[in-house]
Amino acid sequence: MSEEAPRVELTPAAADLVRRLSTAHGPLMFHQSGGCCDGSAPMCYLEGEFRTGGSDVLLASLIVDGVAEPVAFWMSKSQFEVWSHTRLIVDVVEGRGSGFSLEAPEGVRFLIRSRLVGT
1 MSEEAPRVEL
11 TPAAADLVRR
21 LSTAHGPLMF
31 HQSGGCCDGS
41 APMCYLEGEF
51 RTGGSDVLLA
61 SLIVDGVAEP
71 VAFWMSKSQF
81 EVWSHTRLIV
91 DVVEGRGSGF
101 SLEAPEGVRF
111 LIRSRLVGT
């Protein structure tokens, strides 16, 4: 993947939601486990609330205008193996997910869109 192409990016709607969540809660992070149902959606947590370890990969530290600290985007290694040739685009849609992601009370949920990229 070229250096000009970010591995993870936010849509404008997702960036707006990250700004609101950051203002309300403080520093944030994302984790995508690749589990079934909502486990395959990116979950947004307070930074450090989800414990990462050797089975996770840090894909990006997202810089979002209006947010004081970069937002880390983590993915399980097993999921990364499947998605390693894609650009992940974090978007937001109406409807509540069933996980513990911070946006749930807003009546929306984050989801991943992707684009295949060259190696």
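Numbering (the numbering used here), first residue to last: 1 to 119.
Idealized CB from N, CA, C, for every residue including glycine.
Remember, it's a predicted structure, so these values are computed and weren't measured experimentally.
Along the chain, where does the beta strand (DSSP E) containing residue i start, and where does it finish?
i: A72; result: V71 to S76
i: D56; result: D56 to L62
i: E94; result: T86 to E94
i: R109; result: V108 to L116
Work out the CA separation of residue j and residue i for me, nearest whole Å.
i: P27; j: F73; result: 12 Å
i: V8; j: R87; result: 6 Å
i: D16; j: A60; result: 18 Å
i: V92; j: S40; result: 14 Å
i: F80; j: D56; result: 9 Å
i: L10; j: S76; result: 19 Å
i: S33; j: V71; result: 17 Å
i: R113; j: W83; result: 11 Å
i: M135; j: L58; result: The chain is shown only over 1 to 119; residue 135 falls outside these bounds and no answer can be derived.
i: L62; j: L21; result: 14 Å
Excluding five sequence neighbours on each side, which residues of the same chain lie with their C-beta closer than 8 Å to the C-beta of residue i?
i: G95; result: G107, V108 and R109
Excluding the 5 residues preceding and the 5 following residue i in the sequence, name in chain order all residues of the same chain whose CB lies nearer than 6 Å to its CB.
i: D65; result: none
i: S101; result: M43 and C44
i: T52; result: W74
i: H31; result: M43, F50 and W74
Note down, in chain order, each residue of its chain lying with its Cβ closer than 7 Å to the Cβ of residue i, except the 5 sequence neighbours on either side.
i: R19; result: V64, G66 and V67
i: L116; result: H85 and T86
i: G97; result: D38, A41, A104 and R109
i: H25; result: L46 and L102
Going by DSSP, what residue range makes up the alpha helix (DSSP H) through residue i?
i: D16; result: P12 to H25
On the DSSP bridge assignment, give the partners of residue i in chain order.
i: Q32; result: M75
For residue i and chain C, any beta-carbon pair shorter than 8 Å?
i: R96; result: The structure shown contains no chain C; it is built from a single protein chain.
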